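*Asks:*
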Amino acid sequence: FGVTETRLDLVYYAALVACRCLFLALVLLYAMGWCITLAALPQPMQRMLWACTAILAATTVFDTYSHSYYLFIVVIVYVMLLRAAFSALADNIRTVRLQLLTVESGNIDPITTPINHKLLMFRWLQSALVYFIVARVLVSIVAVFAFSHYPWITALLAELLELGLYCFLGYV
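Everything in the sequence shown is counted per my numbering, starting at 65 for the first residue and increasing by one.
1) With 16 other CB atoms within 10 Å as the buried threshold, where does C116 fall?
2) Return helix, strand or coil for L225, following the three-state DSSP convention.
3) Buried or exposed: where does T70 fall if 16 or more other Cβ atoms within 10 Å of its Cβ makes it buried?
4) Where does L102 sit, in a helix, a strand or coil, going by DSSP?
5) Which whole-angstrom value is the C-beta distance of L183 and V198, which I expect to be below 8 angstroms?
6) Taking the C-alpha atoms as reference points, what is the distance between V208 and P108?
7) Could you tell me the alpha carbon to alpha carbon distance between V194 and W216, rounded to whole angstroms?
8) For the alpha helix (DSSP H) containing S212, list its first residue and its last residue.
9) So for N180, helix, strand or coil by DSSP?
10) Note down the Cα distance separating S151 from I175, rounded to an integer number of angstroms.
11) So what's I172 in DSSP terms, helix, strand or just coil?
12) Taking just the CA atoms, how far does S212 sit from F65?
13) What is the DSSP secondary structure of L138, reduced to helix, strand or coil?
14) Looking only at C-alpha atoms, which of S204, L164, M96 sits nearest to F35?
15) Kindly indicate which residue of V203, Q163, Y94, W188 has the alpha-carbon position closest to the one of A219.
16) Does the count of Cβ pairs from the region 163–174 and the region 135–155 closer than 8 angstroms reach three?
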């Protein structure tokens, strides 16, 4: 309300937008199977990834500078992007299962093959995303009631959740 943004605030908002977009782009790349089942992303997947990231960046910028007037749009974008991630995960799980059936039909123990590890990776990512979404919603709800006077605690918890998912993705 008449207060200008300082340069530090602008840098913070730019870093926040970049962090959210990078986070979701990495989750989408992992869900699409880049470097796991695909050596390179096909052109349509690349376009979808860049379009999703650009839409998320634009809506996050609008939400950040308008102070939550666009929050509903950001939520819709997250729902659409997470749906894309979950459908890509489901496609990869289906593909890897078919590969396991092919290996099994050749009288090879599928548990000892790298294909089984790929299946476990995709399933773990699917579970981790569900847990991450539930934890993020719980942090947001608790923040409204318990940490309304301390917004830095909410930001800290959200960043710790993202860091935890990054560590999980690196581990898997």
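All C-beta atoms in this analysis are idealised placements derived from N, C-alpha and C, irrespective of residue type, glycine included. This structure is a prediction, so every number in the text was calculated from the model and none was measured.
*Replies:* Taking the coordinates as given:
1) In the sequence shown, the residue the question calls residue 116 occupies position 52. Classification for C116: buried.
2) Here residue 225 refers to the residue found at position 161 of the sequence shown. Note: L225 maps to helix in three-state DSSP.
3) Within the sequence shown, residue 70 is the residue found at index 6, counting from 1. Counting Cβ neighbours within 10 Å, T70 comes out exposed, since fewer than 16 surround it.
4) Position 38 of the sequence shown, counted from the first residue, corresponds to residue 102. Three-state DSSP puts L102 in a strand.
5) Residue mapping note: residue 183 aligns to position 119 of the sequence shown, counting from 1. Residue mapping note: residue 198 aligns to position 134 of the sequence shown, counting from 1. Rounded to the nearest angstrom, the Cβ distance from L183 to V198 is 23 angstroms, too far for a contact under 8 angstroms.
6) Looking up residue 208 in the sequence shown gives position 144. Looking up residue 108 in the sequence shown gives position 44. Straight-line Cα distance between these residues: approximately 40 angstroms.
7) Within the sequence shown, numbered from 1, the residue matching residue 194 stands at position 130. Within the sequence shown, numbered from 1, the residue matching residue 216 stands at position 152. Whole-angstrom Cα-Cα distance: 25 angstroms.
8) Working through the sequence shown from its first residue, we reach residue 212 at position 148. That residue, S212, is in no alpha helix (DSSP H); it is neither H nor E in DSSP.
9) Taking the sequence shown and counting its residues from 1, one reaches residue 180 at position 116. Looking at N180 - three-state DSSP - the assignment turns out to be helix.
10) The residue you call residue 151 lines up with position 87 of the sequence shown. The residue you call residue 175 lines up with position 111 of the sequence shown. Going from the Cα of S151 to the Cα of I175 covers about 25 angstroms.
11) Taking the first residue of the sequence shown as 1, we reach residue 172 at position 108. I172: coil per DSSP, three-state reduction.
12) In the sequence shown, the residue the question calls residue 65 occupies position 1. In the sequence shown, the residue the question calls residue 212 occupies position 148. Low confidence applies here, because F65 scores a pLDDT of 48, under 50, leaving its location unreliable; read the following figure in that light. Cα-Cα distance, rounded: 20 angstroms.
13) Numbered from its first residue, the sequence shown carries residue 138 at position 74. Note that residue 138 is Val in the sequence shown, not Leu. Correct three-state label for V138: helix.
14) Outside the modelled stretch of the chain, which goes from 65 to 236, sits residue 35, for which no answer is possible.
15) Stepping through the sequence shown from its first residue, residue 219 is reached at position 155. Comparing Cα-Cα distances from A219 to each of V203, Q163, Y94, W188, the minimum goes to V203.
16) Judged by Cβ distances under 8 angstroms, the region 163–174 makes no contact with the region 135–155, as fewer than three pairs qualify.
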